[in-house]
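All you need for this note's numbering is the position in the sequence shown, starting with 1, plus 79.
All C-beta atoms, glycine included, are put in the ideal place defined by N, C-alpha and C.
The next block holds one structure in the form of structure tokens; read it before the comments.
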Amino acid sequence: MKFMTIAVSKGGVGKSLVTANVGAALAKKGKKVILVEGDPNRPLQTILGVEVTSESLKLDEVVRRDLNIEAALFSTNVENLFLIPSGVSLQGYFEINPVKFAKKLSSLKSDFVFVDVPFPLGEAAFLSLGVCEYFIVILTEDEFVLCVESAIDTIRLGKYLLKCVPVGFIFNRIKSPDKITGEFVKDLEDLLEIPCIARIVEDPKVSKSYGGADSAKAFLAYEELRGSEFAKSIDDVAAWLLGKLPIPEKKDFVSLIQELIVPQRS
Ligand SMILES: Nc1ncnc2c1ncn2[C@@H]1O[C@H](COP(=O)(O)OP(=O)(O)OP(=O)(O)O)[C@@H](O)[C@H]1O
Ligand SMILES: [Mg+2]
């Protein structure tokens, strides 16, 4: 089982969109994938079209009442792909109990668990990087310098404090592919000390799939835009994640959360 998050302290780069679509691609390849919605705006729920009602069991209640986390798993239209609605933002678990949150997640059984992080990151990043073994950062052409700064900050926080291994970066929303040359990407790889997993172009149809202009109803771009460059890039990310990943740095994330967070709070 692999715990992953797509994190970078910069909003709107495509974290939720890539999480949902890569999750679907892995599920299509036969892996059991669980996506944990950490954003109260519920982007994953929207993209996946999952009907979560106010009565539905959510992760915050599971943690509060010490219930079985499996009861909060929602099926999606994609076989093997499940969603856990959160109820509160990730930082909300600091008010409930971050250690109990970590314990609940650790009892999940799946090939991949992805935790989607809201913006601004703050405590949410702390918790998601704390519970995950691996993370991917995303950069975009827009606000590129800010993206690089954010990537460096997030890599430092993840790698050195929270023992979350940065496995690579995705260059998303590329508008001028001729500018993002191999040499340019190589320089970035050297700077960030992680490989580029994929370069994903800006596609207006993808933008419409969720959040873009005239996107009345969200949809899973990976499924509906089969054959597109976007879907191929998403398949590349999934294939890359199925390859050999580095050995995780932490064996027991519950203890790490306990050591790092509980002393601060007491
Ligand atoms: N490759 C792409 N082509 C076109 N639009 C894209 C692409 N990737 C992301 N987008 C669009 O960018 C916007 C932001 O995406 P998303 O919400 O996934 O980002 P985020 O990093 O999760 O944001 P936040 O920080 O608010 O959580 C959405 O409208 C999405 O449709
Ligand atoms: Mg998001």
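As assigned by DSSP and simplified to three states, the class of residue i
i: residue 247; result: strand
i: residue 312; result: helix
i: residue 195; result: strand
i: residue 143; result: helix
i: residue 326; result: coil
i: residue 229; result: helix
i: residue 345; result: Residue placement at residue 345 is poorly supported in this model, since its pLDDT is 49, which falls under 50; the coordinates are not used for a value here.
i: residue 98; result: helix
i: residue 206; result: helix
i: residue 154; result: strand
i: residue 121; result: coil
i: residue 149; result: helix
i: residue 129; result: coil
i: residue 162; result: strand
i: residue 182; result: helix
i: residue 200; result: coil
i: residue 338; result: helix
i: residue 331; result: coil
i: residue 218; result: strand
Neighbour-count burial assignment, residue i, 16 or more Cβ in a 10 Å radius
i: residue 209; result: buried
i: residue 251; result: buried
i: residue 212; result: buried
i: residue 195; result: buried
i: residue 345; result: Here the model assigns residue 345 a pLDDT of 49, short of 50, so the residue's position is not dependable, and the following value carries that caveat. It counts as exposed.
i: residue 80; result: exposed
i: residue 260; result: exposed
i: residue 357; result: Outside the displayed span of the chain (80 to 345) sits residue 357, for which this structure offers no information.
i: residue 100; result: buried
i: residue 94; result: buried
i: residue 145; result: exposed
i: residue 132; result: exposed
Expected contact under 8 Å - CB spacing of residue i and residue j to nearest Å
i: residue 245; j: residue 238; result: 6 Å
i: residue 96; j: residue 289; result: 6 Å
i: residue 335; j: residue 242; result: 6 Å
i: residue 98; j: residue 207; result: About 11 Å separates the two Cβ atoms, so there is no contact after all.
i: residue 309; j: residue 279; result: 6 Å
- Query: Between the region 119–127 and the region 326–342, are three or more C-beta pairs nearer than 8 Å?
  - Reply: The region 119–127 is not in contact with the region 326–342.
- Query: Is there contact between the region 219–227 and the region 137–155, where contact requires at least three CB pairs shorter than 8 Å?
  - Reply: Segments in contact, no.
- Item | Runs of alpha helix (DSSP H) wholly within the region 257–301 (minimum 4 residues, chain order) | With a minimum length of 4 residues, the unbroken runs of alpha helix (DSSP H) contained wholly in the region 257–301 fall at 261–271, 283–288.
- Query: Is it a yes or a no for the region 271–278 touching the region 104–120, going by three-plus beta-carbon pairs under 8 Å?
  - Reply: Judged by Cβ distances under 8 Å, the region 271–278 makes no contact with the region 104–120, as fewer than three pairs qualify.
- Message: Between the region 88–99 and the region 193–201, can you find at least three pairs of beta-carbon atoms closer than 8 Å?
- Response: Yes: the two stretches touch, three or more of their Cβ pairs being nearer than 8 Å.
- Does the region 223–242 come close enough to the region 181–191 to have 3 or more Cβ pairs within less than 8 Å? Touching, no.
- Mind the definition here: the region 307–325 touches the region 151–165 only if three or more C-beta pairs lie below 8 Å; say whether that holds. The answer is no - the region 151–165 does not touch the region 307–325, with fewer than three Cβ pairs under 8 Å.
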